[in-house]
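Using the numbering used here, the letters of the sequence shown correspond one by one to residues 277 to 779. A virtual CB, placed ideally from N, CA and C, is assigned to each residue, including glycine. Notes to accompany the following structure.
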Amino acid sequence: PRPLTLEEIEEMIQDFAEGTRRARDAGFDMVEYQASTATIIGQFLSPLTNRRTDGYGGDIEGRMRFLLDIIDAGRKKVGPDYALITRISGSDFMEGGHTLEEVKVMAPILERVGMQALDVTTGWHEAPVPFIQMAVPRGAWVYLGETIKKLVNIPVIGGTRVNDPIMAEEIIAQGSLDMVYMGRPLIADPELPNKAREGRFEDICPCTACCHCFDGAAEALECVVNPRAGRELEYTIEPAKDPKRVFVIGGGPGGMEATIVASQRGHKVTLYEKGDTLGGQLLIASLPPYKEELPYYTRYLVRQVEKSGAEVMLNTEVTARDIVDAGPDAVIVATGGVPIIPDIAGVSGDNVVTAEEVLTGQKEVGDRVIIVGGGLIGCETAEFLAERGKKITILEMLDRIGSDIGRTTRWTVLQRMRSAQIQMETRTRVVEITEKGVLAEREGAAGFFEGDSVVLAVGMKSENRLAKELEGKVPELHIIGDADKHRRIIDATHEGFRIAREI
C-alpha cells in the first residue's frame, strides 16, 4: 500500500458525503459511519496503519481528522436534524493499534461534532483475539460500550455475542448500554424482534455462533439453523395441495427440521426415534467444551416438534416391515451415522475406544491418550480430555489439523490446543495399535507414540440399512443427513427443510 494523496482523501470524503445524502433521499432514517475494524476510516484511526506525518496522522486528533471531515461533509449534505452515528472499535486488539484508552478520548470529540449515538463494537477481524466464535461467552464485549457510556451524554450501542433478547434487555435495564445491536441472530431468525415483542421467546431460533455465515460470506449467505437465509423468495413454505401421511425415522436435527416443516404444510407426520429423547448427534456435539450454544438450538427444535402437532414415538426402533405394513405415503430416513472403525491391526484392543464413547462417558481413558484423526471430532475430543488433565497426542493423515473446521473458527481451536500443549502430528498414518501405544508412519519413516489409550476419531459412516431395506417398498422414499452420507449439521437441517417443503 501507499499513502493516499490529499486529493484522493478529499475525493473519498465527498464520496462518503454523497452516500449519506443518497441514503437519506432513499428513505433511511439514519446513517452510521463505519469507523470500526480495518475499514479505511478504521485504518486512519489506528497508529498501526496510519503512519502519516501530515494533518491526517500523528496524534489522536490527527488520526481522527479523516472521520471528522467525513462527518462535517455529510452533515452539510443532509442538514442538522438528520440522524448520524458512528461505529467504532472499542479497541482494535492489534499490537500497536488503538486501545480503549484512546477511544475514551475519541468518544467525547465525536459527541461534540454532533453524533447522535456511538456504536461501540469489537476489534479488527485480523486481531489474534476471538470475538464472535461460540467459545466466546455471551456478552463478553459489553464492557467496551459500557466504558464509553460513562464519558458521553448521547446513547451508546454495544453488543457482539449477545444473541438473546432477554439478555439484551437485562444489559439495557442495568444501565450498561442504551441499545444492543444484533447481526447474526437476525440471520438465524429474522423474526426475533417480533417474537420477543410478543413474548414468544421459545419460538426464537437461536444463533449458535458457529460462524458458518462468515465462512462463506464471500460466495453466498448461508445459516446452519435457518435454511431460508439467503433463499427467502425461493424457499417458501406453502400448504400441501395433497396432504400425506409422512413417517420420519430419526430425531436428529435433519429429522426434526423435516418434521416441523412437513407439519407446517399440513402433512400428518409421525416421527420415530429409537432413543429416549430427541436430538441425535446434536446431543453428542454439545458435550465438548466451548459448545454451550448447541443445547439451546436442540431445545428449540424439540419445542417446535412438540408444537407442530406431529406424533412423536420415542424409544421406538421401527423395522422396514413395520413401516411397509403401516402404509405411509412418504418416508424420510434420517437415521444418522455411526463411528468408522478403521481396519488397523490392534483396533479391537481393550485400550481402544471411539470419540463418541469418550464424550458420552461410556468408556474411560488413561492419562496418556493418542487420538487417531485430527478433524473436528478429534480436536473437540482432544480439548475435552485435556480439560480433564490428560496428555494428548493427535495423529492426522492429512497435511492440516482441523481441515473440516470452518476458517473463522479453526484458528481459535488451534490456538487453544497449542495453549493446552496438545501434541499435533500431521501426515502421519497409523500402522498398528498396541497395548503401549501406536506405531505410525510419516513420509516413509516409522515412529512409535506411547500412550495408555487410543481414541478413534476418523469420522462417521452412514447408518442406512433401513433406507436400503425400504427401497422400492414405499411410495416415496427420501434419505437425508448422515443417513445419506456423513457431512455436517447444516446439510442435515437444510436437506430436512428442502425435502419437507417438496413432499
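Contact check for G366 and L453: beta-carbon distance about 12 Å, past the 8 Å limit, so the pair fails to qualify. In the DSSP assignment, L753 falls outside any alpha helix (DSSP H) and within the unbroken beta strand (DSSP E) covering L753 to I755. Contact between I513 and V537 holds, since their C-beta atoms are separated by about 6 Å, short of 8 Å. With fewer than 16 other Cβ atoms from the protein chains shown falling within 10 Å of its own Cβ, I617 counts as exposed. In the DSSP annotation of this structure, R476 is not part of any alpha helix (DSSP H), being labelled neither H nor E. For the pair G492 and P529, the CB atoms are not nearer than the 8 Å cut-off. In the assembly as shown, S539 is a buried residue. Its beta-carbon has 16 or more other beta-carbons within 10 Å.
With contacts defined as CB atoms closer than 8 Å, G678 and G720 fail to qualify as a contacting pair.
For P615, the enclosing beta strand (DSSP E) covers residues G613 to P615. CA-to-CA, the gap between G637 and Y457 works out to about 39 Å. The Cβ atoms of V581 and L563 lie no closer than 8 Å to each other. Per DSSP, A496 is not a residue of any beta strand (DSSP E), being assigned neither H nor E.
DSSP, reduced to helix, strand and coil, places E286 within a helical segment of the structure shown. As for any alpha helix (DSSP H) of minimum length 4 sitting wholly inside the region 528-556, the runs are 529-540, ordered along the chain. When the Cα atoms are used, V405 and S695 turn out to be separated by approximately 14 Å. A Cβ-Cβ distance of about 4 Å is found for the pair M455 and I433, placing them in contact under the 8 Å criterion.
For C486 and R692, the gap between their C-alpha atoms comes out near 16 Å.
According to the DSSP assignment, E308 belongs to the beta strand (DSSP E) that extends over M306 to Q310. Taken atom to atom, the span from the alpha-carbon of F369 to that of C499 is near 28 Å. The C-beta separation of N627 from E711 comes to about 6 Å, placing the pair in contact by the 8 Å criterion. Beta-bridge pairing by DSSP links G713 to T710 and E726. For the options L343, A311 and D335, the alpha carbon positioned closest to that of Q290 is the one of L343. Contact annotation: G372 and E533 have beta-carbon atoms that are not nearer than 8 Å.
Ranked by Cα distance from G649, the first of G613, E701 and V634 is E701.
CA-CA distance, D395 to V381, rounds to 15 Å. Here F320 is buried. Its C-beta has 16 or more other C-beta atoms within 10 Å. Of all alpha-carbon atoms in P565, E337, L590 and R575, the one lying nearest the alpha-carbon of F477 is that of R575.
Per DSSP, the unbroken beta strand (DSSP E) holding Q699 starts and ends at Q699 to E701. Shown here, S562 sits in coil according to DSSP, grouped into three states, outside any helix or strand. A straight-line Cα-Cα distance of about 8 Å links G295 and G350.
Under the three-state reduction of DSSP output, T669 falls in the strand class.
Counting only residues of its own chain and dropping the five nearest sequence neighbours on each side, Q699 has a CB closer than 6 Å to the CB of T669.
Partner residues in the beta bridge of R363, as assigned by DSSP, are Q310 and D395. The region 398-474 contains, as complete alpha helix (DSSP H) runs of 4+ residues, the segments 418-425, 441-449, 460-464 and 468-473 (chain order). According to the DSSP assignment, M340 belongs to the alpha helix (DSSP H) that extends over I336 to V354. Only residues of its own chain outside the window of five on either side were considered, and among them N326, R327 and R339 have a CB closer than 7 Å to the CB of G333, listed in chain order.
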